[in-house]
Amino acid sequence: MAEPQRTNNNGAANGNADSEYASEKLPPKRLQRFDSLHIEAGKIPGGPTHAAKVGWATTLHLAFQSIGVVYGDMGTSPLYVFSSTFTDGINNTDDLLGVMSLIIYTVILLPLIKYCFIVLRANDNGDGGTFALYSLISRYARISLIPNQQAEDAMVSRYKLESPTNRIKRAHWIKNKMENSPKFKITLFLVTVLGTSMVIGDGVLTPCISVLSAVGGIQQKATTLTQGQIAGISIAILIVLFLVQRFGTDKVGYTFAPIILTWFILIAGIGVYNLIKHDTSVLKAFNPKYIVDYFKRNGKQGWISLGGVILCITGTEAMFADLGHFNMRAIQIGFSVVLFPSVLLAYIGQAAYLRIYPENVANTFYKSIPGPLYWPTFVVAVAAAIIASQAMISGAFAIIAQSQVLGCFPRVRVTHTSTKFEGQVYIPEINYALMILCVAVTAIFQTTEKIGNAYGIAVVFVMFITTLLVTLVMTMIWKTSLLWIALFPIIFGGAELIYLSSAFYKFTQGGYLPLVFAAILMFIMATWHYVHVHRYNYELQNKVSSNYVAELASRRNLARLPGIGFLYSELVQGIPPILPHLVENVPSIHSVLVIISIKYLPISKIETNERFLFRYVEPKEYRVFRCVVRYGYNDKVEDPREFEGLLIEHMKEFIHQESFYSQGRDHSAEEVEDAIEPSDSVRGATLSKSFSDRSIVVPPNGCMDVIQIIQREMEAGVVHMLGETNVVAGPNADLLKKIIVDYAYSFMRKNFRQPEKITCVPHNRLLRVGMTYEI
Numbered sequence: 001m002a003e004p005q006r007t008n009n010n011g012a013a014n015g016n017a018d019s020e021y022a023s024e025k026l027p028p029k030r031l032q033r034f035d036s037l038h039i040e041a042g043k044i045p046g047g048p049t050h051a052a053k054v055g056w057a058t059t060l061h062l063a064f065q066s067i068g069v070v071y072g073d074m075g076t077s078p079l080y081v082f083s084s085t086f087t088d089g090i091n092n093t094d095d096l097l098g099v100m101s102l103i104i105y106t107v108i109l110l111p112l113i114k115y116c117f118i119v120l121r122a123n124d125n126g127d128g129g130t131f132a133l134y135s136l137i138s139r140y141a142r143i144s145l146i147p148n149q150q151a152e153d154a155m156v157s158r159y160k161l162e163s164p165t166n167r168i169k170r171a172h173w174i175k176n177k178m179e180n181s182p183k184f185k186i187t188l189f190l191v192t193v194l195g196t197s198m199v200i201g202d203g204v205l206t207p208c209i210s211v212l213s214a215v216g217g218i219q220q221k222a223t224t225l226t227q228g229q230i231a232g233i234s235i236a237i238l239i240v241l242f243l244v245q246r247f248g249t250d251k252v253g254y255t256f257a258p259i260i261l262t263w264f265i266l267i268a269g270i271g272v273y274n275l276i277k278h279d280t281s282v283l284k285a286f287n288p289k290y291i292v293d294y295f296k297r298n299g300k301q302g303w304i305s306l307g308g309v310i311l312c313i314t315g316t317e318a319m320f321a322d323l324g325h326f327n328m329r330a331i332q333i334g335f336s337v338v339l340f341p342s343v344l345l346a347y348i349g350q351a352a353y354l355r356i357y358p359e360n361v362a363n364t365f366y367k368s369i370p371g372p373l374y375w376p377t378f379v380v381a382v383a384a385a386i387i388a389s390q391a392m393i394s395g396a397f398a399i400i401a402q403s404q405v406l407g408c409f410p411r412v413r414v415t416h417t418s419t420k421f422e423g424q425v426y427i428p429e430i431n432y433a434l435m436i437l438c439v440a441v442t443a444i445f446q447t448t449e450k451i452g453n454a455y456g457i458a459v460v461f462v463m464f465i466t467t468l469l470v471t472l473v474m475t476m477i478w479k480t481s482l483l484w485i486a487l488f489p490i491i492f493g494g495a496e497l498i499y500l501s502s503a504f505y506k507f508t509q510g511g512y513l514p515l516v517f518a519a520i521l522m523f524i525m526a527t528w529h530y531v532h533v534h535r536y537n538y539e540l541q542n543k544v545s546s547n548y549v550a551e552l553a554s555r556r557n558l559a560r561l562p563g564i565g566f567l568y569s570e571l572v573q574g575i576p577p578i579l580p581h582l583v584e585n586v587p588s589i590h591s592v593l594v595i596i597s598i599k600y601l602p603i604s605k606i607e608t609n610e611r612f613l614f615r616y617v618e619p620k621e622y623r624v625f626r627c628v629v630r631y632g633y634n635d636k637v638e639d640p641r642e643f644e645g646l647l648i649e650h651m652k653e654f655i656h657q658e659s660f661y662s663q664g665r666d667h668s669a670e671e672v673e674d675a676i677e678p679s680d681s682v683r684g685a686t687l688s689k690s691f692s693d694r695s696i697v698v699p700p701n702g703c704m705d706v707i708q709i710i711q712r713e714m715e716a717g718v719v720h721m722l723g724e725t726n727v728v729a730g731p732n733a734d735l736l737k738k739i740i741v742d743y744a745y746s747f748m749r750k751n752f753r754q755p756e757k758i759t760c761v762p763h764n765r766l767l768r769v770g771m772t773y774e775i
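Taking the UniProt record's numbering, the leading residue of the sequence shown gets 1, the next gets one more, and so forth.
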């Protein structure tokens, strides 16, 4: 990984102590505070975290809300688990004890122990999911394929690196191995992309199997309906489900908690009824001995049936992926108190019913419902299936949004649908793509059997990838003892691999679906990221000399245009090649020029006061600034007016600060120390206001002149200059590279949204600067 280069006033430097102030006679311990980027980065020593502790009243309220958002998928699994497990019927009623025992201990082992009490702790400041794990690991090791890491990033209050422990040596050894191995970085990236692709594939399969299973129950009363008509009704419901997504999860999803709670009460009550009425001996399934007997009796067929058993924990990953909307304690309470007992009682009741009526296994759920409760249960079941689909669809939107900001997905329009929960987004293109896929899968397969085969592979694949990433977190970040590090992948990963092997047995019977979805998504994400990395490296290798602006200042034929120019570039180190390209073709430059790099850090959110980093580009009187604007992967980009106002205000603040520290060199060390450590009340106010209360920080006239010029030029107008780079394969590139860059990437770039449509750039003040990069 290339290290950020130490530039002198031409870009976002790495913040080391060898700054321009190092030669001044100031206390050594204060030198690191004088770099202008360090001044900005270190402003807020702490801040609220997304995982901040909340009271029990709030936690219980969140736990109730989580029932409607997180557990719909796992809660509706009793609709199809037994029918997917006994696809050829029940030959021996004792097999029900073995399968019931498998269900009990699978739910205890994976969702309860692994996710509730271990995986949820591996959150990224309260956010969960595969990308959150990848971001967490990225903070501790430079594993990003884009060399844009800066020392100032670690000063963000939410970065929260762990303090050293006695196991630090092992963690550092692993960290160094990761950072020095390009193959490991690529492998880790591909594993992360594979996991996210599988979750998105889940967003296709969950609506299909949930709605189809729920609607299929209507055949109990409407016996003349064919399977094709059932599929048609399901398709109609799915279309309506996707059409209402634009209203947002906040409006669509948070009214669902009472419905899902009603569903859990119903299935638990029906389970108790069936247990008492039919066969209480199924409670013997809590003895794991019946698992052993089941496999002895059925051999290979018992192993094949695991592909159906695993469906009892579908939606487990949602507990982790949706953690950012709630908190760890709320998720644990919701699962342990509501879902776990309700679902187990439902399965136990179905097993008791099937011990007496094994011939009804193909439609166990609806056959076992007492007559008077059929229609209420049917209505609630359809509603619960829709809600289960909602959770995975929302998760797919969130993952695509995270992938895009990390440079792993083509540009799409992300709409934030909730002012209360910033992680809730809606993406029109993805929504309609999912709708088309769901309709196609439902129309082609029409039954839950083949969809269940595909569903099992998607579910277990994501869980196994989570096991691998959490093992890495335990090793490098938590610095857990070697015994626990070994037991975690052996116990949980081993169980998941057994289930995965069974699910793959039915690869040709629908199991290929999630792999096809994942392969397509991985190709899109890997291709986009590959070109994104090479484009950044091209700019890094062709960045302009630090003397370039000084040379511009000496050119008498270069006009200074009124107003402020914002020139956007992804490069965070040095002056991008797009600037000389612009000057050569349009021999003019704005009176105030700000070279802006929008950068996403491997954390979920960044406080607004920590967002902007500035530096002068010498000579100062030429009024050229370097700015790095930092966002978290869940942050919402401001609208154009708000973004301009924030950037200008922080630039004025920076000029005050930089002028003060320059002036501070003429004062005593005691005065400087007093000024460097402002009180908490000072931190909360703007520097221009706060510094006015201190006689030492009265800015010189030059500072005020620059601020007045900036204010005047802002009134003249702000022009946004966006680099429109056309990337092509170099003349010596091999055939594969030419196909990827010149055809695949070019097709995606032309057919997805253009950059100005998804950034904070106003269309009426946009100037595109075209340039071709050969990679």
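Glycine included, every Cβ here is placed at the ideal spot set by N, Cα and C.
Exercise for the section: Look at V107 and L344 and say whether their C-beta atoms are less than 8 Å apart. Expected result: Here residue 107 is taken as the residue at index 107 of the sequence shown, counted from 1. Here residue 344 is taken as the residue at index 344 of the sequence shown, counted from 1. Going by C-beta atoms, V107 is nearer than 8 Å to L344.
Problem - First through last residue of the beta strand (DSSP E) which encompasses M771 - result: Counting from one through the sequence shown, the residue named residue 771 turns up at place 771. It spans 766 to 774 - the beta strand (DSSP E) in which M771 sits, taken as one unbroken run.
Practice task
For P288, count neighbouring C-beta atoms within 10 Å of its own C-beta (all shown protein chains included) and say buried if the count is 16 or more, exposed if not.
Solution key: Residue mapping note: residue 288 aligns to position 288 of the sequence shown, counting from 1. Looking at its Cβ environment, which holds fewer than 16 other Cβ atoms inside 10 Å, P288 is exposed.
Exercise for the section: Starting from M721, follow the beta strand (DSSP E) in both directions and report where the run begins and ends. Expected result: Taking the sequence shown and counting its residues from 1, one reaches residue 721 at position 721. It spans 718 to 728 - the beta strand (DSSP E) in which M721 sits, taken as one unbroken run.
Exercise for the section: On a CA-only basis, which of R630, G334, Y600 is nearest F614? Give me that one, please. Expected result: One-based indexing of the sequence shown puts residue 614 at position 614. The option with the nearest alpha carbon to F614 is R630.
Practice task
Following the continuous alpha helix (DSSP H) through G565, name the residue where it begins and the one where it ends.
Solution key: Position 565 of the sequence shown, counted from the first residue, corresponds to residue 565. No alpha helix (DSSP H) contains G565, which is instead part of the beta strand (DSSP E) from 559 to 568.
Problem - V594 (DSSP reduced to helix, strand or coil) - result: Counting from 1 along the sequence shown, the entry for residue 594 is found at position 594. In this structure, V594 counts as strand in the three-state DSSP scheme.
Handout entry: Cross-strand partners of residue 776 (DSSP beta bridge)
Key = The requested residue 776 is not part of the displayed model; the chain covers only 1 to 775.
Handout entry: Neighbourhood of V718 by C-beta, 7 Å cutoff - its chain only, sequence neighbours within 5 removed
Key = Residue numbering aside, residue 718 sits at position 718 when the sequence shown is read from its first letter. Cβ neighbours of V718 beyond the five flanking positions: G563, I564, F566, E644, R765.
Practice task
Hey, could you find the ends of the beta strand (DSSP E) V70 is sitting in?
Solution key: Working through the sequence shown from its first residue, we reach residue 70 at position 70. Unbroken run through V70: none, as it is neither H nor E.
Problem - Nearest candidate by alpha-carbon position, reference L406, set L515, A384, V533 - result: Taking the first residue of the sequence shown as position 1, residue 406 is located at position 406. For the residues L515, A384, V533, the minimum Cα distance to L406 belongs to V533.
Handout entry: Nearest-angstrom Cβ-Cβ length linking T196 and T130, presumed shorter than 8 Å
Key = Here residue 196 refers to the residue found at position 196 of the sequence shown. Here residue 130 refers to the residue found at position 130 of the sequence shown. Confirmed, Cβ separation roughly 5 Å.
Problem - Alpha carbon of F625 to alpha carbon of V572, nearest angstrom - result: For the purposes of this step, residue 625 is identified with residue 625 of the sequence shown, where counting begins at 1. For the purposes of this step, residue 572 is identified with residue 572 of the sequence shown, where counting begins at 1. Each residue's alpha carbon lies about 12 Å from the other.
Exercise for the section: Would you kindly check if the distance between the Cβ of F326 and the Cβ of L120 is under 8 Å? Expected result: Mapped onto the sequence shown, residue 120 falls at position 120. Mapped onto the sequence shown, residue 326 falls at position 326. Not a contact, by the Cβ cut-off of 8 Å.
Exercise for the section: Decide if the region 468 to 479 is in contact with the region 234 to 241; the criterion is three or more beta carbon pairs, one per stretch, under 8 Å apart. Expected result: no
Problem - Per DSSP, the bridge partner or partners of F409 - result: Mapped onto the sequence shown, residue 409 falls at position 409. DSSP lists no partner for F409.
Problem - S23 to Y661 span [Cα, whole Å] - result: On the sequence shown, position 23 is the one that residue 23 refers to. On the sequence shown, position 661 is the one that residue 661 refers to. Bear in mind that the predicted position of S23 carries a pLDDT of just 37, short of 50, making it unreliable; the figure below should be weighed with that in mind. One C-alpha to the other measures close to 14 Å.
Practice task
Quick one: residues in its chain with C-beta nearer than 7 Å to the C-beta of L225, no 5 flanking neighbours on either side, listed in chain order?
Solution key: The residue you call residue 225 lines up with position 225 of the sequence shown. The residues are I218, Q219.
Exercise for the section: Tell me whether W484 is buried or exposed, calling it buried when 16 or more other Cβ atoms sit within 10 Å of its Cβ. Expected result: As a first step, residue 484 is located in the sequence shown; it is residue number 484 there, counting from the start. It counts as exposed.
Practice task
Indicate whether I200 and A396 have their beta-carbon atoms separated by less than 8 Å.
Solution key: To locate residue 200, count along the sequence shown from 1; it is residue 200. To locate residue 396, count along the sequence shown from 1; it is residue 396. Yes, these two residues count as a Cβ contact at 8 Å.
Problem - Straight-line gap, residue 776 to P576 (C-alpha atoms, nearest Å) - result: Because the chain spans 1 through 775 in this model, residue 776 falls outside it and cannot be assessed.
Handout entry: For L339, the nearest candidate out of I103, N91, I67, T206 (CA to CA)
Key = For the purposes of this step, residue 339 is taken as residue 339 along the sequence shown, with counting starting at 1. Measuring from the Cα of L339, the nearest candidate turns out to be I67.
Practice task
Tell me whether F184 sits in a helix, a strand or coil according to DSSP, three-state version.
Solution key: In the sequence shown, residue 184 corresponds to position 184, counting from 1. Looking at F184 - three-state DSSP - the assignment turns out to be helix.
Practice task
Return yes when at least one heavy atom of the ligand SAM lies under 7 Å from the C-beta of Y743, else no.
Solution key: This structure simply doesn't include the ligand SAM, nor any ligand for that matter.
Problem - Below-8 Å beta-carbon distance, I276 vs any chain B residue - result: The structure shown contains no chain B, having only a single protein chain.
Exercise for the section: Could you say if the region 705 to 721 and the region 746 to 753 meet the contact criterion of at least three C-beta pairs nearer than 8 Å? Expected result: no
Handout entry: contact_flag[the region 450 to 462, the region 496 to 514] where n(CB pairs < 8 Å) is 3 or more
Key = yes
Problem - Residue interval of the beta strand (DSSP E) (run including L613) - result: Against the sequence shown, residue 613 aligns to sequence position 613. Taken as a continuous stretch (DSSP letters only), the beta strand (DSSP E) holding L613 covers 612 to 617.
Exercise for the section: Determine the extent of the alpha helix (DSSP H) in which F320 is found, giving its start and end residues. Expected result: Against the sequence shown, residue 320 aligns to sequence position 320. Counting along the chain, the alpha helix (DSSP H) containing F320 begins and ends at 316 to 321.
Exercise for the section: Along the alpha helix (DSSP H) that carries F264, what are the first and last residues, could you check? Expected result: If you number the sequence shown from 1, residue 264 lands on position 264. Counting along the chain, the alpha helix (DSSP H) containing F264 begins and ends at 257 to 277.
Practice task
Select from Q229, A122, V309, E724 the residue whose C-alpha is nearest the C-alpha of Y80.
Solution key: The count along the sequence shown starts at 1 and reaches residue 80 at position 80. Out of Q229, A122, V309, E724, V309 has the C-alpha closest to the C-alpha of Y80.
Handout entry: Continuous beta strand (DSSP E) stretch holding V628: start and end
Key = As a first step, residue 628 must be located in the sequence shown, where it is residue number 628. Unbroken beta strand (DSSP E) run through V628: 624 to 631.
Problem - Which of helix, strand or coil DSSP assigns to L26 - result: Residue numbering aside, residue 26 sits at position 26 when the sequence shown is read from its first letter. Any answer about L26 is weak, because its pLDDT of 38 lies below 50 and its placement is not dependable; what the coordinates show is given next. Three-state DSSP puts L26 in coil, outside helix and strand.
Handout entry: Simplified DSSP assignment, three categories, for I137
Key = Here residue 137 refers to the residue found at position 137 of the sequence shown. I137: helix per DSSP, three-state reduction.
Handout entry: Proximity winner among H529, T316, E658, relative to E496 (alpha-carbon distances)
Key = Numbered from 1 along the sequence shown, position 496 holds the residue referred to as residue 496. Closest by alpha carbon: T316.
Practice task
Pull up the distance between the alpha-carbon of S403 and that of V211, whole angstroms please.
Solution key: As a first step, residue 403 is located in the sequence shown; it is residue number 403 there, counting from the start. As a first step, residue 211 is located in the sequence shown; it is residue number 211 there, counting from the start. Looking at the two C-alpha atoms, the distance is approximately 28 Å.
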